[in-house]
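Input: a single structure, listed below in structure tokens.
In the working numbering, the protein residues as written are 3 to 427.
Dropping the structure here:
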């Protein structure tokens, strides 16, 4: 089927990066439940993960990455028993340690085999990826200077990254690897049935010297692409184009203006989500209470909420009980507002059902996916985990962080230290 492509570019410079990606709704075939809008929302969920692409050719064996994948499968089974359906997995970078996805004849086939094995049962749905610093580097040299080794050219712009979709010159290894999507370094996917927009954004301009982990991870990149200054320039253009995409898309308004506009941003870095959210809200026509913006990232190898969900703005209008209020205050039971949960609380000797803040996160660090690094960081001391995104029946989303709660080993038995050049930063 022919696809329409939407082109977003900054207009300030003729050399600005241009984003090319399919624009029709549900362009990558997410299997959305059927029913009325409330039923669809109530039946849908997604997983969010980052920093998970362990650099080993060993396909099986217990380790942090495997334990996180096992926990994802367990949660999937639990939610499916409740009639819910996994829609997609959002992957916020460092998808392939240490220096990107290798060529197929030089380790890349092993990296795809590892992904397929560890995430078996989770790869029959689309994965939407964003680039992290370890997704660039000497394993995927031309990702940062595609004009030096162009495989695909669209309207004068070259592409040559292994991790991009195949129509942009990337490669997949058959089977469910075709479900892993990165249609450009910045892109937008819509699921109108959920009033949802997914943005994959490349923000590596904030950590150019961290490409490939450290300076030893981009030696060939520097030599091929013309040095660090060219790397800075290219990644700046790509990052700026992503922010332009966010602003221009926001200005178009929601698919359904009568419902909450759901926005999910996938990018790699801490302390970036707030600025991106401001870019979106500053251009969107909707009032703040009609937008629910979530941002998933990694880079720091931990599972931490950078920003908890806000209190519900208008409980009376939505006929729900606000935070710290009794659900039976009116004499009849009124459910808690989205983002709150009902707990039995002893207040001055009386037991009441009070709405309290649930584990609902706006900006979710999911960097303890098991790909790096051990040595006492969150991933190895019980905070390895992932994000669970669900959709509230009456609109908006809920983002919960789920962790293993136990210590784990970074490397499976049989791992060879020399696998995929080590650049541990």
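Virtual Cβ for every residue (Gly too), placed ideally from N, Cα, C.
Source: prediction; values computed, not measured.
Whole-angstrom distance between residue j and residue i, CA atom to CA atom
i	j	result
residue 79	residue 300	25 angstroms
residue 47	residue 226	42 angstroms
residue 360	residue 189	31 angstroms
residue 83	residue 76	11 angstroms
residue 238	residue 327	48 angstroms
residue 204	residue 170	16 angstroms
residue 399	residue 183	23 angstroms
residue 348	residue 394	28 angstroms
residue 354	residue 81	29 angstroms
residue 401	residue 293	15 angstroms
residue 134	residue 207	10 angstroms
residue 6	residue 22	Because residue 6 carries a pLDDT of 48, less than 50, the predicted location of this residue cannot be relied on, and no value is offered for it.
residue 194	residue 259	11 angstroms
residue 415	residue 50	27 angstroms
residue 273	residue 41	35 angstroms
residue 86	residue 375	33 angstroms
residue 156	residue 186	12 angstroms
residue 310	residue 364	5 angstroms
residue 137	residue 276	23 angstroms
residue 28	residue 43	16 angstroms
residue 107	residue 55	18 angstroms
residue 74	residue 417	23 angstroms
residue 229	residue 267	30 angstroms
residue 20	residue 251	14 angstroms
residue 105	residue 223	15 angstroms
residue 322	residue 358	13 angstroms
residue 382	residue 100	18 angstroms
residue 181	residue 125	7 angstroms
residue 362	residue 149	43 angstroms
residue 289	residue 320	16 angstroms
residue 298	residue 367	6 angstroms
residue 199	residue 373	27 angstroms
residue 428	residue 330	With the chain covering 3 to 427 only, the question about residue 428 has no answer from this structure.
residue 177	residue 153	23 angstroms
residue 306	residue 385	9 angstroms
residue 179	residue 202	18 angstroms
residue 45	residue 39	10 angstroms
Enclosing alpha helix (DSSP H) for residue i [first to last residue]
i	result
residue 358	Careful: residue 358 lies outside any alpha helix (DSSP H), inside the beta strand (DSSP E) at 352–359.
residue 82	66–82
residue 116	111–120
Segment limits, beta strand (DSSP E) that includes residue i
i	result
residue 297	293–299
residue 365	363–368
residue 306	305–310
residue 385	It is not in any beta strand (DSSP E) - residue 385 carries neither H nor E in the DSSP assignment.
residue 44	Run containing residue 44: none in the beta strand (DSSP E); it sits in the alpha helix (DSSP H), 39–44.
residue 135	Careful: residue 135 lies outside any beta strand (DSSP E) and carries neither H nor E.
residue 191	189–193
residue 402	399–405
residue 156	154–156
residue 164	Residue 164 -> no beta strand (DSSP E), and no H or E assigned at all.
residue 95	That residue, residue 95, is in no beta strand (DSSP E); it is neither H nor E in DSSP.
residue 349	342–349
residue 201	198–202
residue 22	20–24
Integer Cβ distance of residue i from residue j, believed to fall under 8 angstroms
i	j	result
residue 236	residue 147	7 angstroms
residue 304	residue 369	6 angstroms
residue 411	residue 66	7 angstroms
residue 103	residue 53	Not confirmed; about 15 angstroms, so no contact.
residue 233	residue 210	6 angstroms
residue 397	residue 265	Going by Cβ atoms, the distance from residue 397 to residue 265 rounds to 13 angstroms, so no, they are not a contact pair.
residue 140	residue 220	6 angstroms
residue 70	residue 377	Residue 70 to residue 377, Cβ: 17 angstroms. No contact.
residue 175	residue 114	4 angstroms
Residue i at chain C interface by Cβ criterion, 8 angstroms
i	result
residue 203	No chain C is part of this structure, which consists of one protein chain only.
Residue i Cβ short of 7 angstroms to the ligand MG heavy atom set
i	result
residue 30	Only the bare structure without any ligand can be found here, which leaves the ligand MG out of the picture.
**Item:** Three CB pairs or more closer than 8 angstroms across the segment 236–252 and the segment 162–172
**Value:** no
**Request:** Say whether the segment 216–225 touches the segment 267–284, bearing in mind that this needs 3 or more beta-carbon pairs closer than 8 angstroms, one atom from each stretch.
**Result:** no
**Prompt:** Do the segment 401–420 and the segment 335–344 touch if we need at least three Cβ pairs shorter than 8 angstroms?
**Reply:** no
**Request:** Mind listing, in chain order, the continuous alpha helix (DSSP H) runs of no fewer than 4 residues lying wholly within the segment 215–287?
**Result:** 221–227, 230–253 and 275–285
**Prompt:** Is the segment 120–131 close to the segment 93–110, with three or more CB pairs under 8 angstroms?
**Reply:** yes
**Message:** For the pair the segment 384–392 and the segment 16–36, tell me if three or more CB-CB distances fall below 8 angstroms.
**Reply:** no
**Asked** Does the segment 110–127 touch the segment 53–62, meaning 3 or more C-beta pairs lie closer than 8 angstroms?
**Response** yes
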